[in-house]
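Worksheet: one structure, shown below.
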Amino acid sequence: MNQKPRLFSGMQPSADSLQIGNYVGALVQWRNMQATHDAIFCVVDLHALTVPQDPALLRTQIRRTAAQYIAAGIDPSVSTLFVQSHVPAHAELAWVLNTITGFGEASRMTQFKDKASRGGTDAASLGLFAYPTLMAADILLYDTNDVPVGDDQKQHVELTRDLANRFNTRFGQTFVVPEPVILPEGARIYDLQNPIAKMSKSAISDSGVVWLLDEPAATAKKIRSAVTDAGREVRFDRGEKPGVSNLLTILSSFGGSSITALEETYVGRGYGDLKKDVAEAVVSVFEPIRSRALELLDDPGELDRILGVNADRANEIAEDTLATVYDRVGLLPRRR
Ligand code: TRP
């Protein structure tokens with residue numbers, strides 16, 4: 008039988024709404040990869056706990072994240088879309104991986120260093136330190152071949168590969184060694200008000216971030232107020248024209264035309280036209296996704312049911328892998 012390669016990826020439930028950057032950078036790719044892969048997508052709520060969270064807010068964000076992925080085309084009857092904490096094997100395998108991970112090795116993770124230095128190293132939790140081994144567990148439980156991630160996660164996937172190889176060497180062939188699939192640089196979206204910074208939910212001002220769940224009118228207004236650059240020529244040039252280049256990238260991602268083709272379209276036209284077209288393109292894609300997401304969120308019982316069925320599917324695979332791992336390292340099987 009010609010089996011599709013297994014894909015695993017995860018997203019943190021760390022905002023009420025996804026933004027254009029997540030949509031173009033991750034969601035669109037994931038949606039497309041469903042055709043070529045046996046895909047598993049995980050809302051990584053245990054990872055979210057590595058920094059302080061408000062419990063009530065976290066709970067809504069988990070549902071909202073799942074709803075937006077489904078609304079945007081992740082099909083929970085084709086792919087597996089589940090919540091990490093619903094499958095206990097993630098935390099359990101992470102523990103075993105912690106025991107084969109060096110303290111120094113974990114200390115070299117740049118994301119840990121960044122996040123820990125932001126709050127002062129003493130404030131960083133043990134959970135934050137162990138973030139990468141939990142991520143490795145996510146990936147390794149499912150015999151994953153391909154892991155689509157942003158550039159910032161590449162080091163974590165490299166660690167995952169090292170741990171898989173190390174375990175296999177010490178305890179016998181157990182894990183598939185996964186490959187990172189790094190998203191193309193062209194898919195990078197920048198802040199509308201500060202187009203040299205990546206668009207991010209942690210931006211200082213909300214006016215540069217376009218949220219999937221924003222009202223369409225608010226989205227259009229934000230885009231029309233995007234900063235542009237000196238001059239009047241619509242041309243892609245990240246160094247000289249970061250604002251215009253960002254708008255061209257967005258329009259190309261949402262409208263399907265190449266950047267070169269777009270540059271030709273705007274010869275002799277101004278920034279105003281460009282912004283109007285970007286606003287229209289984004290709203291026409293986001294509007295139906297937004298409505299569908301709000302519909303799903305209106306019926307949390309049904310959403311929870313879908314997530315439950317998907318968690319059962321994930322659990323079956325994960326439990327199997329964990330049982331093998333426990334056996335390989337010499338733990339005693341529990342008789343039932
Ligand atoms: N660390 C990833 C991020 O912040 C999220 C994540 C958790 C993940 N587990 C994963 C991504 C497994 C890919 C595979 O973006």
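One rule links them: number in the numbering used here = place in the sequence shown (from 1) + 7.
The C-beta atom is built at its ideal place from N, Cα and C for all residues, glycine as well.
Since this is a predicted model, take the numbers as computed values, not measurements.
- Valine 217 is a Cβ neighbour of isoleucine 230, given a cutoff of 8 Å.
- Under the DSSP assignment, proline 139 falls in the alpha helix (DSSP H) whose first and last residues are 138-147.
- Annotation: arginine 13 to arginine 276 spans about 46 Å, alpha carbon to alpha carbon.
- Threonine 108 has its alpha-carbon roughly 25 Å from the corresponding atom of asparagine 322.
- By alpha-carbon distance to glutamate 302, the top candidate from Arg71, Gln41, Arg66, Lys122 is Arg71.
- The Cβ atoms of glutamate 112 and valine 154 do not sit closer than 8 Å to each other.
- By the Cβ neighbour-count rule, isoleucine 203 is exposed, with fewer than 16 other Cβ atoms within 10 Å of its own.
- In this structure, leucine 281 lies away from phenylalanine 89, with their beta-carbon atoms at least 8 Å apart.
- Nearest Cα to glycine 80 within the set Ala300, Asn317, Leu258: Ala300.
- Each of Tyr149, Thr87, Asn29 was checked against the Cα of alanine 325, and the nearest Cα belongs to Tyr149.
- Here the alpha carbon of proline 95 sits roughly 24 Å from the alpha carbon of tryptophan 37.
- The beta carbons of glutamine 26 and lysine 208 sit about 6 Å from each other, so the pair counts as a contact at 8 Å.
- For serine 92, there is no enclosing beta strand (DSSP E), as DSSP gives it neither H nor E.
- If you compare the alpha carbons of Tyr278, His93, Arg297, Ile296 with that of valine 234, the shortest gap goes to Tyr278.
- 8 Å or more divides the Cβ of alanine 143 from the Cβ of threonine 106.
- Classified as exposed, aspartate 306 has fewer than 16 neighbouring CB atoms from the shown chains inside 10 Å of its CB.
- When DSSP states are grouped into helix, strand and coil, alanine 46 belongs to the strand group.
- Listed in chain order, the beta strand (DSSP E) elements of length 3 or more contained wholly in the stretch 295-341 amount to none.
- In the assembly as shown, arginine 297 is a buried residue. Its beta-carbon has 16 or more other beta-carbons within 10 Å.
- Linking lysine 205 to arginine 342 through their CA atoms gives a straight-line distance of about 52 Å.
- Close CB contacts of phenylalanine 174 within its chain, under the 7 Å cut and outside five residues either way in sequence, are with Ile107, Thr181, Phe182 (chain order).
- For the options Leu100, Pro20, Gln41, Gln68, the alpha carbon positioned closest to that of alanine 330 is the one of Leu100.
- For glycine 28, the closest C-alpha among the options Leu199, Pro223, Arg245, Ala224 is that of Leu199.
- Beta-bridge partners assigned by DSSP to valine 183: none are found.
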